[in-house]
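Start counting the sequence shown at 1; every next residue gets the next number (the working numbering).
By construction, the Cβ of each residue, glycine as well, lies at the ideal position given by its N, Cα and C atoms.
Worksheet for the structure shown next.
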Amino acid sequence: MTVNNYIKYLNSMNNANSSNENAIAESQISNPYYEKIRVDRNIGEYIIQKIKQAPNVVILTGHAGDGKTGLLYQILKSLNALNGNSISKFQEVYSQQLNTTIFYVKDMSELNKEEQINVLKHALDIKNHGGSSILISNTGPLIEAFKGLEQAYPTGVSMTEIEMNLLKLMDENNGGIGKVGKYDVLLINMARIDNVIIIPRLLRNLLADDLWIECNNCESKKKCPIYHNYLSVKENYVNVEKFISSYYRWLYETDRRLTIRQILSQISYSLTGNLTCDDIKNKLNGNTLFN
């Protein structure tokens, strides 16, 4: 029987069972299927243009699963500053396109307090040498790192002002340069970004013909509900895409916004039902196609 490893990949992106190694962005990025399904985001192109125009300190914050690591990957790849397909905890890399360096921090939450202060200082200082930086952080560690930096290297700004500056930038999320104490930063709050607009492109990538070649040639395809789902969605793509987008738009407008990770998990599970090729070969028969 033909086995399509792409089915395993789709199943690994949800939490229906313990096989969810690709439900987190770090594992996703190193998987060869990631490049095939990922969607370049408009906010990524905006940040890239801002970095090209002038050195910037970019801070990405938001909820877990909002696509911050994927956005970092998009930016580094576009600027030819990605070493392979892996992203370290933090690293300074050289961009030939910019002819300067970019310092990035994948997740401030993974670092201890001293490391957070040190990488934040480096991220802020690199701008003075013509480089840019990109920091990913949840709200709590970000506020504490800025406060720790002020304690270690005083600039005369109160802790309250620092916290209020950060919260104001997160709330406004206008894409402009803002002040945190005496530092200029470009802060993007991913939790305020509309994820619904990427769904048509994401769905189209998930259904790309080259990912389903093994299924097309499989001897069990006539009894396979996964393959039937794939064909049904392909044949009725316009209606399906409209329904899915409308559903997530409704959630967004009723203050139940889902993250990219949650959306991808739901769509992948809807396609596979968490079944595997072995399940279909060994357990299912033609009568269970619509069960």
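Residue i (DSSP reduced to helix, strand or coil)
i, result
"Leu-111", "coil"
"Gly-186", "Going by the sequence as given, residue 186 is Leu instead of Gly. Three-state DSSP puts Leu-186 in a strand."
"Ser-88", "coil"
"Tyr-153", "coil"
"Val-93", "strand"
"Ser-137", "coil"
"Thr-276", "coil"
"Asn-22", "Reliability fails at Asn-22, whose pLDDT of 47 lies under 50, so the model's placement of it is uncertain and the value that follows must be treated cautiously. Three-state result, Asn-22: coil."
"Ser-132", "strand"
"Leu-258", "coil"
"Ser-270", "helix"
"Lys-283", "coil"
"Asn-118", "helix"
"Ala-123", "helix"
"Asn-15", "coil"
"Ala-145", "helix"
Delimiting residues of the alpha helix (DSSP H) encompassing residue i
i, result
"Lys-242", "237-253"
"Thr-160", "159-172"
"Ser-220", "Element bounds for Ser-220: n/a, residue is neither H nor E."
"Ile-199", "199-206"
"Ile-193", "Segment: none, Ile-193 is in no alpha helix (DSSP H) and carries neither H nor E."
"Leu-10", "5-11"
Cβ pair residue i, residue j closer than 8 Å
i, j, result
"Leu-258", "Tyr-248", "yes"
"Met-292", "Thr-61", "Lying outside 1 to 291, the shown extent of the chain, residue 292 is not represented and no answer is given."
"Lys-52", "Leu-120", "no"
"Ile-143", "Asn-195", "no"
"Leu-206", "Ile-244", "no"
"Asp-66", "Ile-260", "yes"
"Ile-102", "Gly-131", "yes"
"Ile-117", "Leu-149", "yes"
"Leu-275", "Pro-200", "no"
"Leu-124", "Tyr-104", "no"
"Arg-38", "Gly-70", "yes"
"Val-295", "Leu-186", "Limits of the chain in this structure are 1 at one end and 291 at the other, which puts residue 295 out of reach."
"Leu-211", "Tyr-6", "yes"
"Gly-181", "Val-157", "yes"
"Lys-292", "Ile-280", "The structure shown does not extend to residue 292, since the chain spans only 1 to 291, so no value can be given for it."
"Thr-2", "Asn-174", "no"
"Ala-208", "Lys-36", "yes"
The beta strand (DSSP E) enclosing residue i, as first and last residue numbers
i, result
"Tyr-104", "100-105"
"Leu-76", "Segment 68-78 is the alpha helix (DSSP H) holding Leu-76; no beta strand (DSSP E) there."
"Gly-178", "177-180"
Selected residue, minimal CA-CA separation from residue i, among the options
i, options, result
"Phe-146", "Leu-275, Ile-198 and Met-159", "Met-159"
"Gly-44", "Asn-31, Asn-11, Leu-79 and Trp-250", "Leu-79"
"Ser-95", "Thr-139, Ile-75 and Leu-111", "Ile-75"
"Ser-109", "Glu-92, Ala-152 and Asn-138", "Asn-138"
"Glu-114", "Ala-152, Gln-91 and Tyr-46", "Ala-152"
"Met-190", "Ala-64, Ser-12 and Gln-49", "Ala-64"
"Pro-55", "Met-13, Ile-177, Ser-246 and Lys-77", "Ile-177"
"Thr-155", "Met-164, Tyr-183 and Lys-168", "Tyr-183"
Chain D contact for residue i (CB, 8 Å cutoff)
i, result
"Asp-171", "The question asks about chain D, but that chain is absent: this structure has only one protein chain."
Proximity test, residue i beta-carbon vs the ligand FAD heavy atom, cut-off 7 Å
i, result
"Lys-147", "By its list of ligands, the structure shown contains no ligand whatsoever, and the ligand FAD lies outside what it can speak to."
| query | At which residue ranges does the segment 25-65 contain complete alpha helix (DSSP H) runs of 4 or more residues, listed in the order of the chain? | reply | If you keep only unbroken alpha helix (DSSP H) runs of at least 4 residues inside the segment 25-65, you get 25-30, 34-37 and 42-53.
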